[in-house]
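See structure below.
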Amino acid sequence: MRYLHLKKSPGHHILLLFHLKINEIQKKIANFALRDKECVIRSEQCNTQMQFTVAQIAAMVGGSIEGNPEAMVSAFAKIEEGHPGAISFLANEKYTHHIYTTGSTAVLVSRDFKPEHPLETTLIRVDDPYSTVASLLEMVAKIVEPSPIGIEQPCFIAEGVEIPEDAYIGAFAYIGKGVRLGKGVKLYPQTYVGENSEIGDGTVLKPGVKVYHGCKIGARCVLHSGVVIGGDGFGFAPHDGHYHKIPQLGNVEIADDVEIGANTTVDRAVMGSTRIGRGTKLDNLIQIAHNCSVGSDTVMAAQAGVAGSTHIGSSCMIGGQVGFAGHIKVGDNVQIGAQSGIPADVPDNAKVMGYPAVDYPTFARTTIHLKNLGDLYTRVRNLEKSNKKNSKDNEPTHS
Amino acid sequence: MRYLHLKKSPGHHILLLFHLKINEIQKKIANFALRDKECVIRSEQCNTQMQFTVAQIAAMVGGSIEGNPEAMVSAFAKIEEGHPGAISFLANEKYTHHIYTTGSTAVLVSRDFKPEHPLETTLIRVDDPYSTVASLLEMVAKIVEPSPIGIEQPCFIAEGVEIPEDAYIGAFAYIGKGVRLGKGVKLYPQTYVGENSEIGDGTVLKPGVKVYHGCKIGARCVLHSGVVIGGDGFGFAPHDGHYHKIPQLGNVEIADDVEIGANTTVDRAVMGSTRIGRGTKLDNLIQIAHNCSVGSDTVMAAQAGVAGSTHIGSSCMIGGQVGFAGHIKVGDNVQIGAQSGIPADVPDNAKVMGYPAVDYPTFARTTIHLKNLGDLYTRVRNLEKSNKKNSKDNEPTHS
Amino acid sequence: MRYLHLKKSPGHHILLLFHLKINEIQKKIANFALRDKECVIRSEQCNTQMQFTVAQIAAMVGGSIEGNPEAMVSAFAKIEEGHPGAISFLANEKYTHHIYTTGSTAVLVSRDFKPEHPLETTLIRVDDPYSTVASLLEMVAKIVEPSPIGIEQPCFIAEGVEIPEDAYIGAFAYIGKGVRLGKGVKLYPQTYVGENSEIGDGTVLKPGVKVYHGCKIGARCVLHSGVVIGGDGFGFAPHDGHYHKIPQLGNVEIADDVEIGANTTVDRAVMGSTRIGRGTKLDNLIQIAHNCSVGSDTVMAAQAGVAGSTHIGSSCMIGGQVGFAGHIKVGDNVQIGAQSGIPADVPDNAKVMGYPAVDYPTFARTTIHLKNLGDLYTRVRNLEKSNKKNSKDNEPTHS
């Protein structure tokens, strides 16, 4: 009966399909919306020089050991791809069964983990294995990542610029007149900091970063290679069929704890400032146009682009290749699926996707409807045929 | 009656909606299509060192003063966001009421402006306040923007290259053999100009620009940081499952008065030239492939991409993130909405949008139709139900 | 009759239209999917200094001459745009008629070409004119393209780094501690190679390329200006509303014979490696996120973006501006149309397009259906009207 009913009512069928699909699609969207934010531990041999005993690691993370404290660990690996010399972690119950067969030398587990089978690996018990891995990665990073200091020659430092004692100025770096540098800044080789710009404490400009004149970068920021801060905004006034450049007299101001990915560009304002808020993270190859602002703690994936004078709120998650029109306002806590086009304001807490963007459920529904559009044409044709037949059938009745 | 009619004819309803929406959407499209071309004056404190009296500004713009000629002006501000020390302008009647309450020290107004209430601000009367602001910005820019001159060391200048007296060659700039430099060129630090390339009079290469060998850049061009001119076109011949590089023996030729945004790339031709026409403005992160040409006075917003051998006309306005297929021809005066995909030729004066792109009204209509697609499915289902019912109702009539 | 049938059955009409369109659209897609891979020979004067006699060219390509062996050739041109001093080729029968009127001095033809009219041009007969042109371009490139050697000053070479005798190290290049350089490497000016990285034999880094520490580039690779290899992956853990950086301790490994276009970015893995396979060609402004892998002999057009931990197979052809979600798997021999969004796994040999992507025929069909959506609304409205009318008509019958 139910089956017949479904067959007779294609709409219902679509609805079921749609409910199934919504979940699937929303998962995909979430996946699609942001590049990997998780701590992905892969099985390949780590290229760092880390070499620790299990006892050393347990000491670093405040963990207790069950097994061999003298075992050597030199790499991270997923628990299901473990190998000798690797350390893994178990944070998600559905991976628990792997702990009995993992090849890893050690596994970080929670304090209340109760093995139900014998174990070959050594356990390091900690309060929260997931966040412990993140801390552990940081500690290892401090040991194995290069952290240069001092001034390499040749570099260009304009007269009067003070270089803090603990700074790194790489070879071929250029520091213009009136530049102010915070404590512990690292200007890698071939970076450029234009006149009167300011780089905050502990901020790192990776090789080749360019900061135009008059810009302000906060403390503890990381700007990756190829980033351009303060290039002229795209401002031209049409006049007699030609375009006349409007001078871009503003600047860029980047708050503390911002990270900006390789080859991303943030244009200077025509007047006032283009602003990136505290703790915001921009991925690679992003465009932020003049007079835009992005709030704090917003993450934006690669190749997104924001047109002029658009304001994006705080704590947003913006997918890759998203495009924003100019002069619009996007609220706080907004989530935007990859490749979306945002032509108009978006309210706080909205989750949107598509070109032009609509809310997630509408996008998912439209996707399904589009898929079935061929069927719909067929159904309408059938209705037309049957209509024609009915008209004929009716004719003799009336005649 | 009319209301009933509307209710009975959903198509009509859609049509109304559609007319309303067309305007709205076309506004959005216009907004979306191009990043801010207007002179946006923001209220934030200007970071430049400008400091002028009202009398000085009036002299610069040929205006007449009503108020205090000695008042100091040090920033630009929107009239509705005026503050002491700022100058604003009034060019649009709908903002007129702000002039009576603005905090700005001075306001540029047209010669025939007649105040209807008392004013606290000082007026500077000019022929055309809007274009005056643009000129004023330019004059200020000449005063406050850095304009270096001379040769900084170390830089690399190949034997035989002549450096014009009024040029600027920044530290770590590299100038290859056979390069010709026009009068007043500015090659900022870390720029690269390959063998036999030519840079026209007054052209500026911002820090880190790379121009490969054999390319020609016209006069008065500005190339922003990270721009790459003359990289190899993406040309590979498939052979036995591998790709064989096709040497790219052509070059890039850029005409006069072109501006190119940060990190934009223009590939060299396989033979002949990839060409950018006079007065054309390219925004940031754009890709122009080998053997393309772009006409004169065309503006292209950020992250647009043009595949190989495509020709784009003059006086076009192209939105951000638009993609062009290869080997197509786009006419003159064409307008293309942001994120559009252009798979085929576009005639002169067309206004298109979408993926694939269609004319604006069709795009707007399809957007509305897509939004109502769920309803359409319901309506078709209802027709099917009623059809089934009708068939049954008819059956006894015939039996 | 047939005509009537067509008129009565709009569905059939659509179907015909659709078959016509499929071919057209698939051609467009193929066009759209990849930037020009063919050897495009343009008529403009070549900017290289090539100057050869027909006899020299025939010797270079193993061809036999019919005509004047002493004629001078200094440029390439399409056969239909030939001019004195140019060499053209005839590989496609449909261009055969041009050979009788071409202005070119010489034409490469196949050994079995039989002229049916008198010829003015000189023939060079070869086994395969198409592939001969590619070889000829390469031979010419070796002669006319700059190929520097030696060490320019100033450059920065860390203590202990060995520079192979036949290498080129441009001015302002930076080579960190522990870097290993293969034979014949060319590090152009302003390049950066971080600590412990490795550059394979014959690999070329064009001006300004940045390779972070610990990365491996294979042999015979070409990295164009602005390429960034090994920037940090976009990995942040949300914590109390802020994002906490996850150290990116992995690296990038690029196999042999890879070419990477200007301003493309390949991020280092969080652990393990981001990998680009042998013979793969990436165009300009592409983003490859951390822990991705791309197989061998895959070509990817400009501005495509791949989110984290996604694996793309071998021998794929990926169009411009395509976006891939993270953590998905794309098979071998996959073709993806430009601007597509790939939210989920794609099986081997699939040809997909759209946002989200579907197989080519479905995309083409949906495009047509979308175009006719206005008609469909009208047809449904007509059905509703006629239904209403029928209901009324039927009512009196039953009363």
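Protein chains in written order, with the working numbering: chain A, 19 to 417; chain B, 19 to 417; chain C, 19 to 417. Ideal Cβ placement from N, Cα and C applies to all residues, glycine included.
Query, Result
"Compare the C-beta of Tyr395 (chain B) against all C-beta atoms of chain A and say whether one is closer than 8 Å.", "yes"
"Using a Cβ-Cβ cutoff of less than 6 Å, which residues in the same chain neighbour Leu241 (chain A) once the five nearest sequence positions on both sides are dropped?", "Leu223, Val227 and Ile278"
"For Met289 (chain B), name the three-state secondary structure that DSSP assigns.", "coil"
"Hey, Leu303 (chain A) and Leu303 (chain B): beta-carbon distance below 8 Å or not?", "yes"
"For Met78 (chain A), I'd like the list of residues in its chain whose CB is within less than 7 Å of its CB, leaving aside the five on either flank, ordered along the chain.", "Leu154 and Met157"
"Would Lys234 (chain C) count as contacting chain B if we go by Cβ distances under 8 Å?", "no"
"How is the alpha helix (DSSP H) around Lys224 (chain A) delimited, first residue to last?", "Premise fails: Lys224 (chain A) is in no alpha helix (DSSP H) and is neither H nor E."
"When you check each C-beta in the region 366-387 of chain C against every C-beta of chain A, which residues fall closer than 7 Å?", "Tyr373, Pro374, Arg383, Thr384 and His387"
"Could you check which residue in B:Ile235, B:Cys239, B:Val229 and B:Pro256 has the C-alpha nearest to that of Gly248 (chain B)?", "B:Val229"
"Give the interface partners of Asp315 (chain C) over in chain B, defined as CB-CB distance under 7 Å, in chain order.", "Gly259, His260 and Tyr261"
"For Leu126 (chain B), which beta-bridge partners are listed by DSSP?", "B:Phe107 and B:Ile142"
"In whole angstroms, what separates the C-alpha of Ile59 (chain B) from that of Ile181 (chain A)?", "Because Ile59 (chain B) sits at a pLDDT of 27, beneath the cut-off of 50, its placement in the model cannot be relied upon, and the point is left open."
"From the beta carbon of Asn430 (chain C), is the nearest beta carbon of chain A less than 8 Å away?", "There is simply no residue 430 (chain C) to check, as chain C begins at 19 and stops at 417 in what is shown."
"Is the shortest distance between the beta-carbon of Gly226 (chain B) and the beta-carbons of chain C less than 8 Å?", "yes"
"Checking contacts by CB at 8 Å: is Lys299 (chain B) closer than that to chain A?", "yes"
"What residues of chain D sit near Gln69 (chain A), judged by a beta carbon separation below 7 Å?", "Checking the listed chains, one finds no chain D in this structure; the protein chains it contains are A, B and C."
"Let me make sure I understand the geometry here. Which of A:Lys201, A:Phe381, A:Asp184 and A:Val246 has the alpha-carbon closest to that of Asp219 (chain A)?", "A:Lys201"
"For Asp393 (chain A), does the three-state DSSP call read helix, strand or coil?", "helix"
"Run the CB neighbour count on Gly251 (chain C), radius 10 Å, all protein chains shown included, and call it buried at 16 or more, exposed below.", "buried"
"Quick check on this structure: which residue in B:Ala375, B:Ile169, B:Ala255 and B:Cys239 has the alpha carbon closest to the alpha carbon of Ile272 (chain B)?", "B:Cys239"
"According to the neighbour-count rule (16 or more other Cβ atoms, all chains shown, within 10 Å of its Cβ), is His418 (chain C) buried or exposed?", "Residue 418 (chain C) is absent from the model: chain C starts at 19 and stops at 417."
"Helix, strand or coil: which one does DSSP assign to Leu199 (chain A)?", "strand"
"Taking a contact to mean a Cβ-Cβ separation below 8 Å, would you say Val288 (chain B) touches Ala280 (chain C) in this structure?", "no"
"So which residues on chain B does Gly341 (chain A) lean against when the C-beta distance must stay under 7 Å?", "Gly338, Gln339, Ala356 and Gln357"
"Anyone know if the C-beta pair for His231 (chain C) and Ser243 (chain C) falls short of 8 Å?", "no"
"Can you look up Thr283 (chain A) in the DSSP assignment and give me helix, strand or coil?", "strand"
"Which residues does DSSP list as the beta-bridge partners of Asp377 (chain B)?", "B:Val370"
"By the criterion of Cβ-Cβ separation under 7 Å, what are the contact partners of Gly218 (chain C) in chain A?", "Correct list: empty, because the minimum Cβ distance to chain A is about 16 Å."
"Inspect the beta-carbon positions of Val151 (chain B) and Leu126 (chain B) and report whether they are closer than 8 Å.", "yes"
"Mapping the DSSP letters down to three states, classify Ile59 (chain B) as helix, strand or coil.", "Because the pLDDT of Ile59 (chain B) is 27, which lies under 50, any placement of that residue in the model is unreliable, and the question is left without a value."
"On the criterion of 16 or more Cβ atoms from any shown chain inside 10 Å, does His257 (chain B) qualify as buried, or is it exposed?", "exposed"
"Alpha carbon to alpha carbon, how far is Pro379 (chain B) from His135 (chain C)? Give it in angstroms, no decimals.", "53 Å"
"Check each candidate in C:Gly323, C:Ala176, C:Arg198 and C:Ile187 and name the one with the smallest Cα separation from Leu205 (chain C).", "C:Ile187"
"Taking 7 Å as the limit between beta carbons, can you name the residues of its chain near Asn65 (chain C), skipping five residues before and five after?", "In this predicted model, Asn65 (chain C) has a pLDDT of only 38, less than 50, meaning its place in the structure is not dependable enough to derive any value."
"On the premise that Ile83 (chain C) lies in contact with Ala95 (chain C), defined as a C-beta separation below 8 Å, what is that separation, rounded to the nearest angstrom?", "Incorrect: roughly 19 Å between the Cβ atoms, too far for contact."
"Decide if Pro374 (chain C) is buried, meaning its Cβ has at least 16 other Cβ atoms within 10 Å, or exposed.", "buried"
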